[in-house]
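A.B. asks:
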Amino acid sequence: MTGAIINPLMLLSLGRCGTTLLMNYLSCQPEIVAFRAYPFETRVAQYYAHVAGVLSGPAVGNAGELHNTIIAGKPWVTGNPYPEQAGPEWHRNEFSPRLVSLSRDSIRHAYENESQRQGKAPKYFLEKSHVLTPAPRYLEKMFSGYREIYLVRDPRAIVASIITFNRKRGYDGFGIEASPVDEFTEGLCQTFREVRRRTKEDGSALIRYEDLVISPDEVLSNLLESIGIAPDGETVRNIIARVTDMSDIRDLHATTGNNRESLDSWKANLPSSYETAINSSIGELMKDFGYR
13 MTGAIINPLM
23 LLSLGRCGTT
33 LLMNYLSCQP
43 EIVAFRAYPF
53 ETRVAQYYAH
63 VAGVLSGPAV
73 GNAGELHNTI
83 IAGKPWVTGN
93 PYPEQAGPEW
103 HRNEFSPRLV
113 SLSRDSIRHA
123 YENESQRQGK
133 APKYFLEKSH
143 VLTPAPRYLE
153 KMFSGYREIY
163 LVRDPRAIVA
173 SIITFNRKRG
183 YDGFGIEASP
193 VDEFTEGLCQ
203 TFREVRRRTK
213 EDGSALIRYE
223 DLVISPDEVL
233 SNLLESIGIA
243 PDGETVRNII
253 ARVTDMSDIR
263 DLHATTGNNR
273 ESLDSWKANL
283 PSSYETAINS
293 SIGELMKDFG
303 YR
């Protein structure tokens with residue numbers, strides 16, 4: 013491996029919030045590397061963080077709960093072999109640090125190789141994840157230069173987009189069809205509460221999808237500056253133009269003719285039962301994010 017240090021930049025959000033758009037923008041930056049296969053869900057860092065978290069379970073005491081949480085239904089690593097005890101001292105004092113070091117080195121090696129393939133010398137590697145998954149918290153402990161970005165969207169638009177996207181693909185995604193309206197809405201509320209708590213506590217960048225669509229150059233420039241990358245206006249504009257021209261990705265992922273149309277499409281597509289439930293359970297919380 014090279015001597016360059018590449019640190020994690022995690023994009024934390026919910027489904028249908030515009031993560032594909034923001035991942036596309038950020039991964040085109042010279043100082044940021046990501047695996048660019050659509051839909052930007054290659055989770056190398058999260059996998060190895062998950063490995064370290066589960067296999068060092070006897071030292072941290074909760075790995076048995078984590079075996080199935082990186083991707084639902086795909087337990088790549090088994091649970092805690094010592095579910096009833098903290099584990100022997102050799103495991104606590106030697107094995108866990110070695111596992112963390114192995115996982116961290118594996119992550120860096122993967123992204124150094126990808127950086128070379130793309131011709132970049134980046135400051136960050138970029139992955140996206142749901143707000144409530146545990147892997148980002150492990151990465152935060154593993155890398156001193158860890159940074160994260162939160163991306164939100166009007167929850168009414170999230171639900172409308174999920175329903176429309178599921179109809180486009182022809183199958184149920186995001187668990188919406190399998191969940192009662194109130195239960196699904198409460199999950200949204202829980203996630204928004206957690207975003208509010210974390211961004212207030214640690215000052216992580218908070219981006220609204222609506223602002224990203226209306227003023228992408230301003231939002232991206234401010235975001236880059238907040239994570240220690242000097243924004244270059246011409247580079248940012250060229251990236252926005254390049255991503256805008258990627259009609260193949262947009263055709264696969266979009267539910268409207270263009271991004272601006274997606275801002276208000278929920279008003280025609282959101283079932284009244286969801287609108288009532290969202291206004292009831294998240295209405296006051298939405299105001300903290302500038303939604304009325």
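Each number in the working numbering comes from the position in the sequence shown (counting from 1) with 12 added on. Glycine is no exception: its CB is placed at the ideal position from the N, C-alpha and C atoms.
Specify the secondary structure class of residue 22 as computed by DSSP and reduced to three states.
C.D. replies: Correct three-state label for residue 22: strand.
A.B. asks: Where does residue 12 sit, in a helix, a strand or coil, going by DSSP?
C.D. replies: The displayed coordinates of the chain run from 13 to 304. Any statement about residue 12 would go beyond what the structure contains.
A.B. asks: Quick one: any contact between the segment 254-266 and the segment 146-166, if contact means 3 or more CB pairs under 8 Å?
C.D. replies: Judged by Cβ distances under 8 Å, the segment 254-266 makes no contact with the segment 146-166, as fewer than three pairs qualify.
A.B. asks: Taking Cβ to Cβ, would you say residue 218 is nearer than 8 Å to residue 211?
C.D. replies: In this structure, residue 211 lies closer than 8 Å to residue 218 by Cβ.
A.B. asks: Could you check what DSSP says for residue 48 in three-state terms: helix, strand or coil?
C.D. replies: If DSSP states are grouped into helix, strand and coil, residue 48 belongs with coil.
A.B. asks: From the DSSP output, in three-state form, read off residue 160 for me.
C.D. replies: Of the three classes helix, strand and coil, the one that applies to residue 160 here is strand, per DSSP.
A.B. asks: Can you find the residues in the same chain that come closer than 7 Å, C-beta to C-beta, to residue 126, ignoring five residues on each side of it along the sequence?
C.D. replies: Result list for residue 126: 45 and 47, in chain order.
A.B. asks: With burial defined as no fewer than 16 other Cβ atoms inside 10 Å of the residue's Cβ, what is the status of residue 133: buried or exposed?
C.D. replies: Label assigned to residue 133: exposed.
A.B. asks: Enumerate in chain order the residues of its own chain whose CB-to-CB distance from residue 294 is below 8 Å, with the five nearest sequence positions on each side excluded.
C.D. replies: Contacts found: 167, 197, 200, 201 and 204.
A.B. asks: Could one say the Cβ of residue 275 lies closer than 8 Å to chain B's Cβ atoms, at least one of them?
C.D. replies: Of the protein chains in this structure there is only one, and it is not chain B.
A.B. asks: Within a Cβ cutoff of 7 Å, which residues of the same chain sit near residue 238, ignoring the five residues on either side of it in sequence?
C.D. replies: The answer, listed in chain order, is 217.
A.B. asks: Output needed for residue 274: all residues of its chain with C-beta closer than 6 Å, excluding positions within five of it in sequence on either side, in chain order.
C.D. replies: Only 268 meet the Cβ criterion.
A.B. asks: Is residue 283 buried or exposed, if buried means 16 or more other CB atoms sit within 10 Å of its CB?
C.D. replies: By the neighbour-count rule (16 or more Cβ atoms within 10 Å), residue 283 is not buried but exposed.
A.B. asks: With respect to the beta strand (DSSP E) encompassing residue 218, which residues constitute its N-terminal and C-terminal limits?
C.D. replies: Residue 218 -> beta strand (DSSP E) spans 217-220.
A.B. asks: Just to confirm, is the Cβ distance from residue 138 to residue 35 under 8 Å?
C.D. replies: Yes, these two residues count as a Cβ contact at 8 Å.
A.B. asks: Checking 8 Å against the spacing of the C-beta atoms, do residue 135 and residue 43 come in under that value?
C.D. replies: Yes, Cβ-Cβ distance for residue 135 and residue 43 is below 8 Å.
A.B. asks: If I'm right that residue 27 touches residue 226 with Cβ under 8 Å, what's the distance once you round it to whole angstroms?
C.D. replies: Actually they do not touch by this definition, with Cβ atoms about 21 Å apart.
A.B. asks: Starting from residue 199 and walking both ways along the alpha helix (DSSP H), at which residues does that stretch end?
C.D. replies: 193-214 is the span of the alpha helix (DSSP H), which, as asked, contains residue 199.
A.B. asks: Does any heavy atom of the ligand NAP sit closer than 7 Å to the C-beta of residue 38?
C.D. replies: For the structure depicted, the ligand NAP is absent and the ligand set is empty, with no information on it obtainable.
A.B. asks: Specify the secondary structure class of residue 301 as computed by DSSP and reduced to three states.
C.D. replies: It is coil, neither helix nor strand.
A.B. asks: Under a three-way DSSP split, which group does residue 155 fall into?
C.D. replies: Residue 155 falls in the coil class under three-state DSSP.
A.B. asks: Give the single residue among 51, 188, 121 and 169 whose Cα lies nearest to the Cα of residue 271.
C.D. replies: It is 169.
A.B. asks: Within its chain, find whatever has a CB closer than 7 Å to the CB of residue 248; leave out the 5 residues flanking it on each side and keep chain order.
C.D. replies: Excluding positions up to five away in sequence, the list reads 229, 232 and 233.
A.B. asks: Span of the alpha helix (DSSP H) holding residue 262?
C.D. replies: Per DSSP, residue 262 belongs to the alpha helix (DSSP H) from 259-265.
A.B. asks: Tell me, please, which residues DSSP counts as bridged to residue 140.
C.D. replies: DSSP lists 23 as partners of residue 140.
A.B. asks: Please work out which residues of its chain come closer than 7 Å, Cβ to Cβ, to residue 291, disregarding the five sequence neighbours upstream and downstream, and give them in chain order.
C.D. replies: Closer than 7 Å at the Cβ level, and outside the excluded window around residue 291, lies no residue.
A.B. asks: Is it true that the CB of residue 277 sits closer than 8 Å to the CB of residue 172?
C.D. replies: Yes, these two residues count as a Cβ contact at 8 Å.
A.B. asks: DSSP three-state label for residue 186, please.
C.D. replies: In this structure, residue 186 counts as coil in the three-state DSSP scheme.
A.B. asks: What would DSSP say about residue 117, mapped onto helix, strand or coil?
C.D. replies: Helix.
A.B. asks: Less than 6 Å between C-beta atoms, sequence neighbours within five positions excluded: which residues of the same chain meet that for residue 177?
C.D. replies: Once the five neighbours on either side are set aside, the close Cβ partners of residue 177 are 267.
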